[in-house]
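Numbering (our numbering), first residue to last: 65 to 909.
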Ligand code: ADP
Ligand code: MG
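What follows is the structure, given as C-alpha cells:
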C-alpha cells in the first residue's frame with residue numbers, strides 16, 4: 065500500500081504542473097478530509113497536529129487568488145511532506161553483524177521482509193513476535209528466508225549471483241529508467257519518456273490477426289484522453305479495471321497521427337510506486353526472473369534489511385570524505401529519490417570498494433614490512449665507481465630509480481619495488497648495479513627471466529658489466545675500490561636454466577649453497593627445490609607479468625626475506641598503477657637513453673601488403689632481418705597455431721620462396737621455441753613468422769622490420785611491445801601495421817601507435833578505449849571484483865587511497881573493536897581470486 069504521505073506528494077506534484085486544482089476530482093479542498101482520515105489511520109494520532117496543518121492548507125487552496133499563490137502553496141506543502149514526522153522505529157535498532165560475531169545474540173525473529181504496512185512512517189509497525197521454532201534470519205541467510213522466494217526462485221536468483229539477503233542488497237541496478245517526469249496528458253510530446261496518472265475510462269482485450277492478443281485501454285486525467293495498448297498480456301484484463309486510477313510510465317508513441325503508449329510500465333496508483341513515476345531501477349535479469357517481480361522483491365528486501373546493515377566504514381572516514389551512510393546509499397542506489405542522491409549513493413558505494421581494496425594493499429605492504437629484512441650496506445664511493453665504469457652515462461631517470469633502490473637496500477625493511485620503464489629504457493643496468501651492491505656486501509643476488517633466451521641475454525649483459533667493474537672481493541672497503549680500478553676477482557656469475565643439467569647443474573647448486581656463486585641468472589630453474597642460497601639478499605624478476613604469483617613467492621622464499629625488485633616494460637596508467645601495484649613502491653624510468661633512433665611506424669591497407677613485402681625483401685637484401693606477426697586468433701591456442709602455420713607456409717611458398725623463414729607459436733615445445741629464437745638471434749633466419757609469443761624482451765639488434773598483420777586485434781600496449789623488438793641496433797628500423805578492418809575506431813587506435821612512441825601515452829589510450837578488464841587481461845591483476853567503482857577513475861582511486869592511508873596509520877591491524885566490521889568486510893572482499901595480491905601471507909616467515 066502506498067502511504068498517504070506519498071499519495072499526497074504524487075497528487076501535489078501533478079498539481080504543480082498547472083496549478084488549476086485539477087489533480088484530484090473535486091479539488092484539493094474536498095480531498096483534505098479524506099486525506100486526514102487516512103493519515104491518522106496510518107500514522108496514529110501522535111502526529112495529528114502536523115497532519116491537521118497540512119489539511120488546513122489543502123482546504124485553503126481553492127480560494128487562493130492566482131496561480132502564483134497556488135504554486136507557492138503547493139511548494140510549501142511538498143516541503144512539509146518531505147519532513148514527515150519521524151516514524152517510531154519498529155523496534156530497537158540492532159546490529160545484525162556485530163550480534164553475529166560477539167556474544168550470543170538475542171534471537172532475532174523478525175519475519176523476513178514483507179513489512180505488512182508501508183515502509184514510510186509506520187509507528188504501528190511490526191511487533192517482533194517470538195517464535196521459538198523459527199531460526200534466526202540474518203543478512204547472510206539464504207534468499208529462501210525471504211517471503212515469496214522458494215527453492216525454484218532461489219536457484220534462478222543464484223544465476224544472477226544472489227545467494228543471500230546481503231547479496232540482494234548489493235545486487236545493483238544496471239541503470240535507472242527516468243520516469244520521474246510527471247505530466248498531464250494534454251502536454252505529452254511524441255518520443256518523450258514520461259509518467260501520467262490517469263483514470264481508466266474504457267478497457268478490453270481483443271485478438272489480433274496474428275493470433276495474439278491486444279489489451280487496450282483509454283485513459284483520461286481531466287486534461288485529455290490517451291490510448292494505451294499492451295500486446296499479448298491478456299491477463300491485464302483481470303488487473304486493470306474501468307474507473308481505476310493507474311500510473312503509466314514509458315515512451316510516448318504515435319499511431320495514426322495520435323499520441324499513445326505501447327506496452328508501457330504501469331501500476332495502480334494505490335500502491336507504492338516501484339515501476340513508474342520515479343527513477344526506476346533496471347536490473348540484469350536471467351531466465352525465469354521477471355523484472356517486476358525482482359523489483360518488488362528487491363524493494364521489500366531493501367526496505368527491511370538496509371536498516372539492519374551496519375555501516376562498516378569508520379565514521380571518521382565518512383565524515384572526512386563527506387559520504388552518505390550505508391543504509392541511505394543502499395536505498396538510494398536501488399530506488400533513488402533524485403538523480404543527485406543516486407549519484408551520491410554511487411559515490412559512496414564505489415568509494416567503499418576502492419577503500420577496502422586500498423586497505424588490503426596497505427595491509428599487504430605492512431605485512432611484508434613487519435618482518436625485518438637485512439640492510440645491505442652501500443658505500444657511496446663504491447657505487448660511484450661502478451657507475452663511472454659504465455660505457456655510458458646513466459639517464460637522470462635511471463639515476464633517480466637507482467637512488468630509490470639504494471635507499472631501500474640500506475633499510476632494514478625489505479625492498480618491494482617495481483621498476484617500470486618502456487622497452488629499451490635501460491632497466492637492466494639499474495638492476496645490475498643493485499646486484500653488484502649486494503655482492504659487494506658479501507651476499508648473493510639472483511635474476512629470474514621468463515624465457516631461456518632472455519636469461520641468456522641477461523647473463524651476457526651481466527657478465528660484461530661485472531667484468532668492467534672494480535674488484536668486488538674487497539667488500540666494504542672504499543679505498544681499494546676507487547683506487548684499484550682494475551677488474552679484480554669476479555664473483556662467480558652463473559646461468560641456470562632448464563637446459564643446464566648433470567654435473568654443471570650440481571656445480572651451480574653447490575656454488576649457490578656455499579656462496580662461491582655470487583650472482584645467478586636463470587629461468588624457472590631458479591626456483592626448483594634443489595636450489596639453495598647461502599645468503600640471497602636481492603631477487604630481481606624481469607618481465608614480472610610473465611610470472612605467476614607463486615613463482616615470485618618461490619623466489620623470495622629462497623632467501624630470508626630478501627629485497628625484491630620486479631621489472632616490467634608494460635607501461636600502465638597511474639590509476640591502475642595505484643591499484644594493481646598499490647602494495648609495491650614504484651620507480652619509473654621514463655626517459656630513453658640519448659641517441660635512440662625513432663622507429664618509423666606506418667599503418668597500411670591490406671591492398672598495400674605487396675609493397676610491404678617488397679620492403680621486407682629489400683631490408684633482407686641489405687643484410688637485415690624481419691618479424692612478421694600473425695593476427696591474434698581468439699578461439700584457442702590450437703587454432704591460432706594452425707593459422708600461424710598456414711601463414712608461414714603461404715609466405716615461404718608464395719612470397720619469400722628464396723628466403724630463410726622460421727616459425728614461432730605457442731603450441732611449440734619450449735626447446736623448439738628456444739632453438740628457433742636462437743637461430744633468429746644468430747642471423748640464421750631472415751624472417752621470423754610469429755604469434756604474440758614473441759612479445760617479450762628478446763634482443764636482436766640486426767632485426768629492423770616489424771610487420772604486424774591484423775594489427776587492429778592487438779592492444780596498443782602490446783603493439784608497442786612488438787615495436788620494441790626492433791630498433792635495438794644501429795640501423796634505421798620500421799614498424800608496419802596492417803589492419804584488417806577500416807573501422808573508424810580501429811583506425812584511430814592504430815594512428816595513435818603511428819603517432820606516438822611513448823608507451824605510457826599508448827597505455828592510457830588503450831585503457832580509455834578498452835577498459836581495465838581487457839587492458840590487464842583476464843584476472844592477471846588478481847583484483848577483487850568491483851561492481852561500481854572503476855579502477856580507471858583516478859580521482860576516486862586517489863581519494864580512496866588517501867583515506868585508506870590515513871586510516872591505516874591509526875589502526876593497521878584493525879584491532880580496534882570499532883573497526884571489527886571493517887576487518888570483516890576486508891576479509892570478505894579479498895577472498896577468492898584476489899588472493900594473488902595477498903601473496904605475502906606466510907610466505908616470508
Ligand atoms: P630495458 O630492459 O629497459 O628494455 P635494457 O636495459 O635492455 O632496456 O637497455 C637497452 C639498451 O640500452 C642496452 O643495450 C643498454 O646497454 C643500453 N643503455 C642502457 N642505459 C643506457 C644509457 N644511459 N645510455 C646509453 N645506453 C644505455
Ligand atoms: Mg629488458
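Yeah, the Cβ is synthetic: ideal placement off N, Cα and C, and Gly gets one too. Bear in mind the structure is a predicted one, so any value in this text is a computation, not a measurement.
In the DSSP assignment, what residue or residues form a beta bridge with residue i?
i           : result
residue 258 : 314
residue 533 : Residue 533 pairs with nothing; no bridge assigned.
residue 277 : 271
residue 668 : 802
residue 228 : 206
residue 480 : 628
residue 510 : 584 and 603
residue 770 : 691 and 799
residue 391 : Answer is none; residue 391 lacks a bridge partner.
residue 346 : 239
residue 752 : 691 and 726
residue 266 : 282
residue 485 : 653
residue 557 : 583
residue 246 : 259
Closest to residue i by C-alpha separation, out of the options, would be which residue?
i           : options               : result
residue 241 : 338, 369, 705 and 205 : 338
residue 800 : 824, 817, 286 and 225 : 817
residue 348 : 662, 603 and 224      : 224
residue 766 : 387, 117, 689 and 884 : 689
residue 287 : 249, 276, 709 and 97  : 249
residue 117 : 865, 415, 133 and 137 : 137
residue 254 : 303, 319, 203 and 273 : 319
residue 750 : 569, 740 and 757      : 740
residue 777 : 460, 830 and 77       : 830
residue 144 : 90, 884, 76 and 81    : 76
residue 92  : 134, 601 and 703      : 134
residue 729 : 424, 721, 707 and 746 : 707
residue 303 : 385, 454 and 268      : 268
residue 276 : 238, 855 and 297      : 297
residue 913 : 572, 323, 757 and 212 : Here the chain has residues from 65 to 909 only, and residue 913 is not among them.
residue 573 : 380, 819, 534 and 622 : 622
residue 331 : 489, 357, 316 and 353 : 357
residue 472 : 283, 826, 627 and 563 : 627
With C-beta atoms as the reference, is residue i less than 8 Å away from residue j?
i           : j           : result
residue 233 : residue 366 : yes
residue 440 : residue 495 : no
residue 771 : residue 693 : yes
residue 361 : residue 469 : no
residue 561 : residue 524 : no
residue 774 : residue 695 : yes
residue 511 : residue 604 : yes
residue 422 : residue 646 : yes
residue 388 : residue 412 : yes
residue 723 : residue 684 : yes
residue 863 : residue 426 : no
residue 447 : residue 509 : no
residue 745 : residue 764 : yes
residue 36  : residue 738 : Residue 36 lies beyond the residue range present for the chain, which begins at 65 and ends at 909; the question has no answer from this structure.
residue 417 : residue 886 : no
residue 705 : residue 731 : yes
Cβ-heavy atom distance between residue i and the ligand SAM below 7 Å?
i           : result
residue 492 : Inclusion of the ligand SAM in the displayed structure is not the case, the ligand content consisting of the ligand ADP and the ligand MG alone.
**Q.** Runs of beta strand (DSSP E) wholly within the stretch 612-664 (minimum 3 residues, chain order)
**A.** Here the runs fully enclosed are 627-632 and 649-653.
Q: Would you be able to state if there are at least three C-beta pairs under 8 Å between the stretch 775-785 and the stretch 631-648?
A: Contact holds: three or more Cβ-Cβ distances are below 8 Å.
Q | 4-residue-minimum alpha helix (DSSP H) runs that sit fully inside the stretch 772-816, ordered along the chain | A | Counting only runs of 4 or more, we get 780-787.
Q: Please confirm if the stretch 703-721 is in contact with the stretch 793-808, defined as three or more CB-CB distances below 8 Å between the two stretches.
A: Result no; under three Cβ-Cβ pairs closer than 8 Å.
Q. Touch check for the stretch 648-665 and the stretch 479-492: three-plus C-beta pairs under 8 Å?
A. Two segments are said to touch when three or more pairs of C-beta atoms, one from each, lie closer than 8 Å; by this definition the stretch 648-665 touches the stretch 479-492.
Q: Please go through the stretch 679-727 and give each complete beta strand (DSSP E) segment of 3 or more residues, from N-terminal end onward.
A: Taking only runs of at least 3 residues, the beta strand (DSSP E) segments lying wholly in the stretch 679-727 are 689-693.
Q. On the three-pair Cβ rule with 8 Å, is the stretch 327-343 touching the stretch 368-384?
A. Counting Cβ pairs under 8 Å, fewer than three are found: no touch.
Q) Taking only runs of the alpha helix (DSSP H) that begin and end inside the stretch 289-339, which ones reach a length of at least 4 residues, in chain order? A) Runs of the alpha helix (DSSP H) inside the stretch 289-339: 300-303.
**Q.** Segment contact, 8 Å Cβ cut-off, at least three pairs: the stretch 307-327 with the stretch 255-271
**A.** Short answer: they touch.
(Q) To test your reading of the DSSP string, which unbroken alpha helix (DSSP H) runs of 4 or more residues are found completely within the stretch 414-483? (A) Runs found: 444-453 and 460-474.
Q) Does the count of Cβ pairs from the stretch 92-104 and the stretch 118-125 closer than 8 Å reach three? A) Counting Cβ pairs under 8 Å, three or more are found: they touch.
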